[in-house]
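Report on the following structure.
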DNA sequence: ACCGCACCCTGAGCGC
DNA sequence: TGCGCTCAGGGTGCGG
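Residue numbers (this note's numbering): -8 to 282.
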């Protein structure tokens, strides 16, 4: 689900709800694929701590704790990090919502997909991590501990430039889209923004990365950063189940040019948007605007 | 070194 | 209503 813009929107909204509040209780679901650190260890370690800063690298959120340790959170495809309040309503069906009293509507009712719950010593909104498919990750790291998830990440997508990608792609035969999705090259690009960026750059997703000119890479980077900045400004994309932490839907999906628009007319030239599978993922493009 | 593919898990939407 | 199928914005690990 979330790519860099959705993770960044989440970071900005959750950070003020986390920083400086002492954690009094931690509830979790049982051990699973999601927990790289055993849930019992998380419960024991987080209690009594507070978060001093919530950072981000690519699609990872990094909560810096007051004892120097770090809590990594990756939202995978369906992860949601939010607090009590409006956000909880969006997670319920209309019928379930209607049956709740106003008080119940303000407090989130944790379900079986709510894998982490934080309560705070001074009371106030609880913070939740919910993830239906459990493709997300939660991991506790020591102050200087190496990490095979974070350490290999490439330059953040908002900071990368065309020269870097041009140099990194020389000799590479992979499709440019697959190259963009490789988090070791550039961190934060996912399926939506890869497709959108390539449309803005006028480059077909199937082109070999190593064959792109410096000018084309500049255009691709401009496309990545333009679509991501717009998405952050509009609260992210809400194509299936992404919900911003304040409970609103992101609005970026209204600005999509190609992603999930198969069969619809291109907004620039009117040609029919095509879909094809590339590296196990759907790629969408305009056959006339992109070459 | 690189690439395609299977796999991790759950739910929504569709045709029948 | 239910069944079986396909499809999902994530990433890892394996074999060729």
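Ideal placement from N, C-alpha and C gives every residue a C-beta, glycine not left out.
Nearest to residue i by alpha carbon, out of the options?
{"i": "residue 56", "options": "3, 1, 124 and 130", "result": "130"}
{"i": "residue 7", "options": "223, 260, 135 and 117", "result": "117"}
{"i": "residue 76", "options": "101, 96, 59 and 197", "result": "96"}
{"i": "residue 256", "options": "271, 275 and 270", "result": "275"}
{"i": "residue 48", "options": "270, 100, 161 and 140", "result": "140"}
{"i": "residue 65", "options": "115, 5 and -6", "result": "-6"}
{"i": "residue 176", "options": "187, 160 and 186", "result": "160"}
{"i": "residue 123", "options": "114, 108, 109 and 103", "result": "103"}
With a 10 Å radius around its C-beta and 16 neighbouring C-beta atoms as the bar for buried, classify residue i as buried or exposed.
{"i": "residue 262", "result": "exposed"}
{"i": "residue 260", "result": "exposed"}
Would you kindly check if the distance between the Cβ of residue j and the Cβ of residue i is under 9 angstroms?
{"i": "residue 168", "j": "residue 25", "result": "no"}
{"i": "residue 120", "j": "residue 61", "result": "no"}
{"i": "residue 204", "j": "residue 157", "result": "yes"}
{"i": "residue 190", "j": "residue 248", "result": "yes"}
{"i": "residue -2", "j": "residue 42", "result": "no"}
{"i": "residue 98", "j": "residue 15", "result": "no"}
{"i": "residue 67", "j": "residue 126", "result": "yes"}
I need the straight-line Cα distance from residue i to residue j, nearest angstrom please.
{"i": "residue 243", "j": "residue -4", "result": "10 angstroms"}
{"i": "residue 183", "j": "residue 250", "result": "6 angstroms"}
{"i": "residue 38", "j": "residue 267", "result": "48 angstroms"}
{"i": "residue 135", "j": "residue 142", "result": "11 angstroms"}
{"i": "residue 0", "j": "residue 181", "result": "15 angstroms"}
{"i": "residue 18", "j": "residue 50", "result": "24 angstroms"}
{"i": "residue 225", "j": "residue 246", "result": "10 angstroms"}
{"i": "residue 63", "j": "residue 138", "result": "10 angstroms"}
For a test of the three-state rule: what should DSSP assign to residue i, helix, strand or coil?
{"i": "residue 179", "result": "coil"}
{"i": "residue 139", "result": "coil"}
{"i": "residue 5", "result": "helix"}
{"i": "residue 147", "result": "strand"}
{"i": "residue 50", "result": "coil"}
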